Amino acid sequence: MSIGINDLLRDNIKKLVPYSSARDEFKGEASIFLDANENSLGSPLTKWYNRYPDPLQWKIKEKLSAIKGIPPQHIFLGNGSDECIDILYRAFCNPGKDNVIICPPTYGMYEVSAHINDVEVRRARLLDDFQLDLVHLETLVDENSKIIWLCSPNNPTGNSLLREDVEMVLNNFPGLVVIDEAYINFSRHRSFLNELPDYPNLVVMQTLSKAWGLAGLRLGMAFASESIIEIYNKVKPPYNIGQATQDLVLKALDEVGQVNEMIKLIVEMRGRLEKELEALPMVKYVYPSDANFLLVKVSDARGIYNQLLEKGIVVRDRSKVELCEGCLRITVGTEKENSDLIKNLRAIL
Ligand SMILES: Cc1ncc(COP(=O)(O)O)c(C=O)c1O
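Residue numbering for the sequence shown follows our numbering, starting at 8 and increasing by one per position.
#1: Between Ile-108 and Leu-144, which are expected to be in contact by the criterion C-beta below 8 Å, what is the C-beta distance as a whole number of angstroms?
#2: Cutting at 8 Å between CB atoms, please list the residues of its own chain near Arg-129, excluding the five before and the five after it.
#3: Residues around ligand 1, please: the ones whose beta-carbon is closer than 6 Å to some heavy atom of it, in chain order.
#4: When we look at the beta-carbon of Arg-225 and count the other beta-carbons within 10 Å, is it buried (16 or more) or exposed?
#5: With respect to the alpha helix (DSSP H) encompassing Ile-349, which residues constitute its N-terminal and C-terminal limits?
#6: Given this structure, state the Cα-to-Cα distance separating Phe-230 from Asp-297, to the nearest angstrom.
#7: Please report the straight-line C-alpha distance between Glu-202 and Lys-282, rounded to a whole angstrom.
#8: Determine the direct distance from the alpha carbon of Tyr-114 to that of Met-269, and round the result to whole angstroms.
#9: Do three or more CB pairs link the segment 243 to 260 to the segment 317 to 334 at distances below 8 Å?
#10: If you drop the 5 nearest sequence neighbours on each side, which residues of the same chain put their C-beta closer than 7 Å to that of Gly-220?
#11: Spell out a yes or no on whether the segment 15 to 32 and the segment 53 to 65 are touching, meaning 3 or more CB-CB pairs, one atom from each, closer than 8 Å.
#12: Asn-267 to Asp-261, Cα distance in whole Å?
#13: Along the chain, where does the beta strand (DSSP E) that runs through Gly-227 open and close?
#14: Pull the bridge partners of Lys-304 from the DSSP assignment, please.
#15: Taking the alpha carbon of Val-185 as the reference point, which residue from Leu-23, Thr-338, Leu-168 and Gly-49 has its own alpha carbon closest?
#16: Between which two residues does the alpha helix (DSSP H) carrying Cys-91 extend?
#17: Let's see if you can read the secondary structure: which residues bound the beta strand (DSSP E) around Ser-120?
#18: Compute the distance between the beta-carbons of Gly-85 and Tyr-294, then report whether it is under 8 Å.
#19: Quick check on this structure: which residue in Arg-97, Gly-76 and Leu-200 has the alpha carbon closest to the alpha carbon of Val-242?
#20: List the endpoints of the continuous alpha helix (DSSP H) containing Arg-130.
#21: Per DSSP, Trp-156 is paired with what?
#22: Could you tell me which residues DSSP puts in a beta bridge with Arg-279?
#23: Which word fits Arg-336, buried or exposed, when buried means at least 16 other C-beta atoms lie within 10 angstroms of its C-beta?
#24: Identify every residue that forms a DSSP beta bridge with Ile-108.
#25: Contact check, Lys-304 vs Tyr-292 under 8 Å by CB: the rounded distance?
#26: Just the C-alpha distance for Leu-141 and Asp-172, rounded to the nearest angstrom, thanks.
#27: Quick check on DSSP: helix, strand or coil for Val-339?
#28: Can you find a C-beta in chain C that's less than 8 Å from the C-beta of Asn-161?
#29: Taking just the CA atoms, how far does Asp-205 sit from Thr-252?
#30: In whole angstroms, what is the alpha-carbon distance linking Arg-325 and Tyr-56?
#31: Might you give, ordered along the chain, the residues of its own chain that have their beta carbon closer than 6 Å to the beta carbon of Cys-158, omitting 5 neighbours on each side?
#32: From the DSSP output, in three-state form, read off Asp-172 for me.
#33: Give me the Cα-Cα distance between Leu-16 and Val-176, rounded to the nearest whole angstrom.
#34: Could you compute how far the alpha carbon of Tyr-239 sits from the alpha carbon of Gly-249?
#35: Could you tell me the boundaries of the beta strand (DSSP E) in which Val-328 lies?
#36: Quick one: residues in its chain with C-beta nearer than 7 Å to the C-beta of Asp-42, no 5 flanking neighbours on either side, listed in chain order?
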């Protein structure tokens with residue numbers, strides 16, 4: 008159902024001549040680099056960072072390609088998913104004219120990034136079971152709708168969207184459909200990565216910030232058709248992923264086994280935490296989760312939040328968020344952190 012990706016693009020991006028860096032223009036072998044105004048003497052560190060990094064991070068993409076089964080030219084790497092989100096606005100959405108659709112309650116940056124880019128946000132609130140309201144969603148679409156943002160597993164609700172609902176959107180919306188899979192490693196459901204060849208308008212976002220335990224490095228991933236990835240590369244800042252991040256990510260990507268062990272443990276602890284929370288008198292309901300956090304309806308969310316904070320335990324108060332009234336969002340911690348949390352909750356009357 009998609010129209011050509013080029014037809015969705017902003018005119019200024021269609022015409023854009025991208026920045027060409029010194030390292031983009033250089034091809035072949037060399038040993039003396041006097042082309043990029045770097046400091047050839049070195050860095051005030053044991054390891055040197057005096058050279059600009061690979062603008063397209065090919066080594067990382069090759070490793071990710073082997074892990075995810077997606078060819079490197081279908082991968083864009085951003086300074087966190089937040090950069091992957093922002094670039095789509097800048098490339099596809101005309102400020103003051105175009106609109107996007109979000110399905111709240113959901114991750115906040117789809118909306119904040121829209122406001123930064125002066126793009127209208129239309130809201131197809133999730134149904135009471137936190138699934139898509141397809142009927143409402145369809146009524147919001149018009150010829151200026153450029154992106155539908157879907158998050159699965161969703162933050163803050165923790166559930167996965169029904170696959171057939173997501174496919175319905177993919178098969179009927181002619182603009183971009185972004186599925187944010189930041190929490191996919193904790194889910195019992197399949198990623199949409201394998202569906203990329205069927206949908207030229209699909210962008211699947213993942214991140215190293217969650218299961219991979221690398222939030223501090225800032226590495227977000229967008230997987231999409233080559234034409235979307237080319238647009239990402241045209242619009243991104245030339246060196247958006249620093250050398251230190253590239254070096255460390257390359258090392259970390261060799262440790263898939265260790266990451267899988269952590270995922271297994273977190274999923275086990277999520278199950279135990281869910282049961283322990285359910286047994287507490289102030290807990291009304293623990294929503295089923297496919298993520299590394301639990302959404303918990305409690306008797307007095309703000310009061311409990313404050314009492315936990317006094318004990319040095321910080322959770323997320325989501326009680327003012329639509330459909331999450333009375334809820335706290337609690338990340339699964341270490342074994343000790345989870346038992347300290349439960350102990351402190353038991354002490355609250
Ligand atoms: C659904 C979702 N997407 C993206 C992000 C941010 O990812 P990153 O750290 O890669 O910017 C978050 C962070 O909480 C999230 O919940």
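Idealized CB from N, CA, C, for every residue including glycine. Keep in mind that this is a model prediction, so the values were computed, not measured.
Reading it off the structure:
#1: 6 Å
#2: Asn-106, Val-107, Ile-108, Ile-109, Leu-147 and Ser-152
#3: Gly-87, Ser-88, Asp-89, Tyr-114, Cys-158, Asn-162, Asp-187, Ala-189, Thr-214, Ser-216, Ala-222 and Gly-227
#4: buried
#5: 342 to 354
#6: 21 Å
#7: 35 Å
#8: 24 Å
#9: no
#10: Met-269
#11: yes
#12: 12 Å
#13: 227 to 231
#14: Tyr-292 and Cys-334
#15: Leu-168
#16: 88 to 99
#17: Note, Ser-120: premise wrong, no beta strand (DSSP E); alpha helix (DSSP H) at 116 to 123.
#18: no
#19: Arg-97
#20: Element bounds for Arg-130: not the alpha helix (DSSP H) but the beta strand (DSSP E), 127 to 130.
#21: Val-185
#22: According to DSSP, which records beta bridges pairwise, Arg-279 is partnered with nothing at all.
#23: buried
#24: Arg-129 and Ile-155
#25: 4 Å
#26: 7 Å
#27: coil
#28: Checking the listed chains, one finds no chain C in this structure; it contains a single protein chain.
#29: 32 Å
#30: 41 Å
#31: Thr-113, Tyr-114 and Asp-187
#32: helix
#33: 20 Å
#34: 17 Å
#35: No beta strand (DSSP E) contains Val-328, which DSSP labels as neither H nor E.
#36: Ala-29 and Phe-33
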